[in-house]
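Novice: Pasting a structure below so you can have a look.
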Amino acid sequence: MPGDCRANPEVGSEYQTKAAQIYSFTKFVEWPPKKFPSADSPFIIGVWGSDEITDFLRESFQSRRIKDRPVEIRHLSSKAELGPCHLVFVSRSERDRLGSVLSEMRHENILSVGESENFLRSGGVINFLSVEGATRFQINLDAANRERLKVSSKLFPISYPAKGTRLPPVTSP
Amino acid sequence: MSRLRNIPIQRKLRFVVLATCTAALCVASGALFALQFFSFRRDFRRDLIAVAEIIAGNSTAAVQFKNEDDAREILTVLKAKPHITGAEITLNDNTPLAAIGHTHGYRDAKLPPDPGFREDGFDLLYVHPIILDRDRIGTLFLHVDYAGQAFRLHRLFAGTLVIVLGISFYVAVLVSVKLERVILGPIQNLADTARRIASKNDYSVRAQKVVDDEVGSFTDSFNSMLDQIQTRDTALLHEIAERRRAEEQLQQTQQELIDASRQAGMAEIATGVLHNVGNVLNSVNVSAALISDRLSPAKTENLIRATCLLREQNGDLADFLTNDVKGRLLPGYLADLSQHLDTERRTARGELELLTKNIEHIKDIVAMQQTYARVSGLVEPLPVDALIEEALRLNTGSLDRHGVTVVRDYAPIPPASVDKHKVLQILINIIRNATLAMDEGGSAEKRLTISLETTDGNHARIRIRDTGIGIATENLTRIFSHGFTTRQDGHGFGLHSAALAAQQMGGRLLAQSDGPFLGATFILDLPLAVAPTS
C-alpha cells in the first residue's frame, strides 16, 4: 500500500486528494496533437522535486488510460527529462527554484501543476492551495494559452478565483 | 333528422352550415388537441432530457472534483423551471453530492441506477447519468410535476379551444346569414310568386330569374309552365265562350224547331179540322137545300088563290060552297093542302134539327182547334176535384139537356202536377163522349159516376163511368188512335188528343168496358205534385 510509505498520514491524505485531482485535470484539458509523437505513444506524467505524490499518482492512474493512452509516471531527476512530459507536478520542495524549472518547460505544451503560493506568478498553469482545510486549485489561463493547452471552462467554476473575486458559474445557454 | 324536415329552408340551411362548421371545427380541434397532447408529452420529455443533459454536462467538473457548492449552484439554475420540483446529484456510490427542492430519496437497488423516466406517483422522475470521458462519474435525478403541468396546459388549451369554437360558431353564423341569402333569395322569390299565383289565380305573374344555377333553371321551367297554363287558360276561356254561344244557338234553333213543329202541328190540325168542317158543311148544305126544296111555293100560291076565291063571294059564301062547282071542291082542297103543309113542316123541322146538330159539331171542331193551340201550357200543382168540377160545369147545359145524373165519389187526395187546359180538354171530351154514348143506348138510367182516388202512391186516378152503349172489346185500344170513331158524326180526334195530352203530362188514359150496352169506364191517371207520406 502506498500509505505504508507515508511518513505523515495527513500529508498522505493531502497527496491522495491531489493525485485524484490531477487525474481529473487531464479530463478537462486538451493537449495539442503534435505533443503526442505517435498514435500509441503514452501519456507521461512527471514529478519534479519531492516524490511524496508519486505513489498516490500510481495508485490513482493504475490501469487507467488518459486520452486513450497508457500512462507513464516518471520521477524526474534532470531538466532534460521535462520535455516529453505532458503533465509535470512541481512539489512544494522546489518553491524557491520554480523559475528555472518553469522556464525550462515553457512552450513545451506541458501542464504544470504546483503547490506553492508563487507558482502561478512564476508561470505555472494550475496551482493547489488549501482553503479552510480543503484542497482547491487555481488556474492561470494566460499560462495555459501560452502552452496551447485548452482548459475546459467547466473547470473555472470549480477553481478558486485567482484574482480575488469568484467567477460566476457557467450555466447552460 | 325527421324533426328537421318541417322547419323552413332558411333554418335548415343555417343548421346544415353550422353543423358542418361545428363538426369540422370539432374534428380539427380534436386532432389539434390530440397532437398537442402527444407533442406536449414528447416535448416535455425531450425538454427534460435536454435540461438534464445540460445540467449533467455542466456538473461533470463539480462531480469529478466532488465540489458540493458548485454542484448545488448548478442545480439552482433549475429553479427557473417551475415544473422541476426537485433535483439531486449523487456520486456513483450513491453518496448525495447536492440537492435542491423536494427530493424523495429515490433509490434504486442497482447502483448506479439505470437512466430513464420513472413514474413516481403523480410525479415523474428522470434519471440521467453524469458522464465524463465515457466514464460514468455520477447521477442526476430530476423530479418533475408532470401531471400538474399537463393538467394546467391542457386546461389552458381546452379553454382556448372552447373560446375559438365559440368565436368560430359566431363567425359562421354571421357568414351563413350573409351567404344564405344567395341561395334563399331566389327560392324565396319563387315561393312568393307561387303563393301570389295560388292566392289570386293570376297566371300572368312571372318569377324573376336572379341567378343562373339550378334555382335559375327551375325558375325558367316554372315560368314556362306558367306560360303553358296561361295559354291553356285562355284557350279554355275561349272554348267556354264558344260553347256557350253554340249552346245559345242550339237553344234558339230548338225554339225555332219547336215553333216550326207547333206551327206544323197546328197546320196539320187545321187541315183536319177544315176537312171535317168541310164534310159537315156538305151535310149542312144538303139539309138547307132539302128544306129549301120542300118549302115549294106552289102549295102556298094555291092557298092564296083559294083565299082570294073565298074573299070574292062577299057574304054569299054559303051559297058558293054549296052550289058552285068550284066552291063545292074547296073545303076538300083546303083539307088536302093543310095536310100537305103539315107534312112539309114536319120534314123541314127534322132537317133543321139535323142542321143545328151539324153546326154544333162544327163549333166543337173549332173549339178543339182552339184547345190544340194552347198545347204547351203551364204545369202546376192543382187540386184534381176542382178540375173535375170545372169540366162538369162547362158541360152542364149538355148534361141537363140529356137528363144525365152525375154521381161524385171523391177521396181527399193531394194536388196533381198538371196543365190545367190539357186536363180540362181531356175531361170535357170524356164527359161529352159519355153523354153521347148514353144517348145512343145502354141502360135506361143515364148516370155518370166520377170517382177520385190515388193509385200506386204517385198518381191521382179519375174514373168516369157511364151507363151508355159501351165499347166493343176490339175497339178498346183503337178508340185512341188518330181518326178512329164509332160515331157517324165523330171525327176521331178527341180521344186521340186526350190520350196524347195525358202522356205529355206524365199520366195516361185508359178505357174499360164489359162490352156493348154495358157502359164504359174511362180512367185518367195524373201525376201527383208531391207523393203522399205513407
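Those protein sequence lines, which keep their order, are chains B and F.
Residue numbers for the first sequence, in numbering that gives the first Met the number 0: 0 to 172.
Residue numbers for the second sequence, in numbering that gives the first Met the number 0: 0 to 533.
Yeah, the Cβ is synthetic: ideal placement off N, Cα and C, and Gly gets one too.
Compare the beta carbon distance of F/Thr404 and F/Gly441 with 8 Å and say whether it is the shorter of the two.
Specialist: Here the question's residue 404 of chain F lines up with position 405 in the second sequence. Here the question's residue 441 of chain F lines up with position 442 in the second sequence. No; because the gap between Cβ atoms is not below 8 Å, this pair is not in contact.
Novice: What three-state label does DSSP hand F/Val276 in the structure shown?
Specialist: Taking the first residue of the second sequence as position 1, residue 276 of chain F is located at position 277. In the structure shown, F/Val276 sits in a helix (DSSP, three-state: H, G or I).
Novice: Measuring only between beta-carbons, confirm whether F/Cys20 sits less than 8 Å from chain B.
Specialist: Stepping through the second sequence from its first residue, residue 20 of chain F is reached at position 21. So, not an interface residue.
Novice: Residues in its own chain within less than 6 Å of B/Cys84 by CB, not counting five upstream and five downstream?
Specialist: Within the first sequence, numbered from 1, the residue matching residue 84 of chain B stands at position 85. Taken in chain order, the residues that qualify are Ile43, Gly45, Ile109.
Novice: Of the residues F/Ala471, F/Asp408, F/Glu118, which one's Cα is nearest the Cα of F/Glu452?
Specialist: Sequence index remark: in the second sequence, residue 452 of chain F carries index 453 (1-based). Here the closest residue by C-alpha is F/Asp408.
Novice: Out of B/Val130, B/Ser129, B/Arg94, B/Arg135, which has the shortest C-alpha to C-alpha gap to B/Gly122?
Specialist: For the purposes of this step, residue 122 of chain B is taken as residue 123 along the first sequence, with counting starting at 1. Nearest C-alpha to B/Gly122: B/Arg94.
Novice: Kindly indicate the opening and closing residues of the alpha helix (DSSP H) around F/Asp384.
Specialist: As a position in the second sequence, residue 384 of chain F is number 385, starting the count at 1. Following the DSSP letters along the chain, one finds F/Asp384 inside the alpha helix (DSSP H) bounded by residues 383–393.
Novice: From this set, B/Phe24, B/Asp141, B/Val89, which residue's C-alpha is nearest B/Lys154's C-alpha?
Specialist: The residue you call residue 154 of chain B lines up with position 155 of the first sequence. First, the amino acid is wrong: residue 154 of chain B is Leu here, not Lys. Closest by alpha carbon: B/Phe24.
Novice: Pairing CB atoms from the stretch 496–514 of chain F with CB atoms from the stretch 465–480 of chain F, are three or more of them under 8 Å?
Specialist: yes
Novice: My output table needs one value for B/Asn117: the three-state DSSP class, helix, strand or coil.
Specialist: Taking the first sequence and counting its residues from 1, the one referred to as residue 117 of chain B is at position 118. Here B/Asn117 sits in coil by DSSP.
Novice: Of the residues F/Val16, F/Lys362, F/Thr434, F/Pro185, which one's Cα is nearest the Cα of F/Asp212?
Specialist: What you label residue 212 of chain F is simply residue 213 of the second sequence in a count that begins at 1. Among F/Val16, F/Lys362, F/Thr434, F/Pro185, the Cα nearest to that of F/Asp212 is on F/Pro185.
Novice: Between the alpha carbons of F/Leu398 and F/Thr434, how many angstroms are there, rounded?
Specialist: For this step, residue 398 of chain F is matched to residue 399 along the second sequence. For this step, residue 434 of chain F is matched to residue 435 along the second sequence. Each residue's Cα considered, the two are about 7 Å apart.
Novice: For B/Ser99, does the three-state DSSP call read helix, strand or coil?
Specialist: The residue labelled residue 99 of chain B in the question sits at position 100 within the first sequence. In the structure shown, B/Ser99 adopts helical secondary structure according to DSSP, grouped into three states.
Novice: If we define contact as Cβ-Cβ less than 8 Å, is B/Gln137 a contact residue for chain F?
Specialist: In the first sequence, counting from the first residue as 1, residue 137 of chain B sits at position 138. Not one chain F Cβ lies under 8 Å of B/Gln137.
Novice: Would you mind reading off the limits of the alpha helix (DSSP H) that contains F/Thr454?
Specialist: Working through the second sequence from its first residue, we reach residue 454 of chain F at position 455. Where F/Thr454 is concerned, there is no enclosing alpha helix (DSSP H), although the beta strand (DSSP E) it sits in stretches over 446–454.
Novice: Tell whether a beta-carbon distance below 8 Å holds between F/Glu235 and F/Arg205.
Specialist: Start at 1 with the first residue of the second sequence, and residue 235 of chain F comes out as number 236. Start at 1 with the first residue of the second sequence, and residue 205 of chain F comes out as number 206. According to the sequence as given, residue 235 of chain F is Leu; it is not Glu. Their beta carbons are not under 8 Å apart, which means F/Leu235 does not touch F/Arg205 by this criterion.
Novice: What distance in whole Å lies between the Cβ atoms of F/His142 and F/Asp119, which are believed to be in contact at a cut-off of 8 Å?
Specialist: Indexing the second sequence from 1 puts residue 119 of chain F at position 120. Indexing the second sequence from 1 puts residue 142 of chain F at position 143. The pair is a contact, with the Cβ atoms about 7 Å apart (cut-off 8 Å).
Novice: Report the residues of the stretch 21–43 of chain B with a CB closer than 8 Å to any CB of chain F, ordered along the chain.
Specialist: Ser23, Lys26, Phe27
Novice: Do the CB positions of F/Gly493 and F/Asn394 come within less than 8 Å of each other?
Specialist: Here residue 493 of chain F refers to the residue found at position 494 when the second sequence is read from its first residue. Here residue 394 of chain F refers to the residue found at position 395 when the second sequence is read from its first residue. Their beta carbons are not under 8 Å apart, which means F/Gly493 does not touch F/Asn394 by this criterion.
Novice: What in chain F is Cβ-close to B/Lys153, meaning under 7 Å?
Specialist: Reading the first sequence from its first residue, position 154 is the one you call residue 153 of chain B. Those within 7 Å of B/Lys153 in chain F are Asn57, Thr59, Ala60.
Novice: Report the three-state DSSP secondary structure of B/Glu51 (helix, strand or coil).
Specialist: Sequence index remark: in the first sequence, residue 51 of chain B carries index 52 (1-based). It is coil, neither helix nor strand.
Novice: Given that a residue counts as buried once 16 or more other Cβ atoms are within 10 Å of its Cβ, and exposed if not, what is F/Arg45?
Specialist: Within the second sequence, residue 45 of chain F is the residue found at index 46, counting from 1. By the 10 Å Cβ count, F/Arg45 comes out exposed.
Novice: Evaluate F/Ala240 with the Cβ neighbour count: other Cβ atoms within 10 Å of its Cβ, from every protein chain shown; 16 or more gives buried, anything less gives exposed.
Specialist: The residue given as residue 240 of chain F occupies position 241 in the second sequence. Under this definition F/Ala240 is an exposed residue.
Novice: Cβ of F/Asp46 less than 8 Å from any chain B Cβ?
Specialist: In the second sequence, the residue the question calls residue 46 of chain F occupies position 47. So, not an interface residue.
Novice: Could you tell me the boundaries of the beta strand (DSSP E) in which F/Gly120 lies?
Specialist: Within the second sequence, numbered from 1, the residue matching residue 120 of chain F stands at position 121. Here F/Gly120 belongs to no beta strand (DSSP E), and DSSP marks it neither H nor E.
Novice: Please give me, in chain order, every unbroken run of the beta strand (DSSP E) with length at least 3 that falls completely inside the stretch 315–383 of chain F.
Specialist: 378–381
Novice: What separation, rounded to the nearest whole angstrom, lies between the Cα atoms of F/Asn357 and F/Gly326?
Specialist: Here residue 357 of chain F refers to the residue found at position 358 when the second sequence is read from its first residue. Here residue 326 of chain F refers to the residue found at position 327 when the second sequence is read from its first residue. About 46 Å.
Novice: From the DSSP output, in three-state form, read off F/Phe516 for me.
Specialist: Translated into the one-based positions of the second sequence, residue 516 of chain F becomes position 517. Residue state for F/Phe516 is assigned as coil, using DSSP reduced to three classes.
Novice: Using the beta-carbon of each residue, which ones in chain B are nearer than 7 Å to F/Leu66?
Specialist: Position 67 of the second sequence holds residue 66 of chain F. Reading the sequence as shown, one finds Asn at residue 66 of chain F and not Leu. Neighbours of F/Asn66 on chain B, chain order: Ile157.
Novice: Could you work out which residues of chain B lie near F/Gln63, taking near to mean beta carbons separated by less than 7 Å?
Specialist: Counting from one through the second sequence, the residue named residue 63 of chain F turns up at place 64. What F/Gln63 touches in chain B: Ser23, Lys26.
Novice: Using the beta-carbon of each residue, which ones in chain B are nearer than 9 Å to F/Leu139?
Specialist: Looking up residue 139 of chain F in the second sequence gives position 140. Within chain B, no residue comes near F/Leu139; the closest Cβ sits about 13 Å away, beyond 9 Å.
Novice: Tell me, please, whether the CB atom of F/Asp69 is closer than 8 Å to any CB atom in chain B?
Specialist: The residue you call residue 69 of chain F lines up with position 70 of the second sequence. Output row for F/Asp69: interface = yes.
Novice: Please compile the residues from chain B whose C-beta is within a distance smaller than 8 Å of the C-beta of F/Leu131.
Specialist: As a first step, residue 131 of chain F must be located in the second sequence, where it is residue number 132. Those are Lys26, listed as they occur along chain B.
Novice: So is B/Glu131 buried or exposed if we call it buried at 16+ other beta carbons inside 10 Å?
Specialist: Stepping through the first sequence from its first residue, residue 131 of chain B is reached at position 132. Result: exposed.
Novice: Do F/Ser58 and F/Ile48 count as a contact pair if the criterion is CB distance below 8 Å?
Specialist: Indexing the second sequence from 1 puts residue 48 of chain F at position 49. Indexing the second sequence from 1 puts residue 58 of chain F at position 59. Cβ atoms of F/Ile48 and F/Ser58: not closer than 8 Å.
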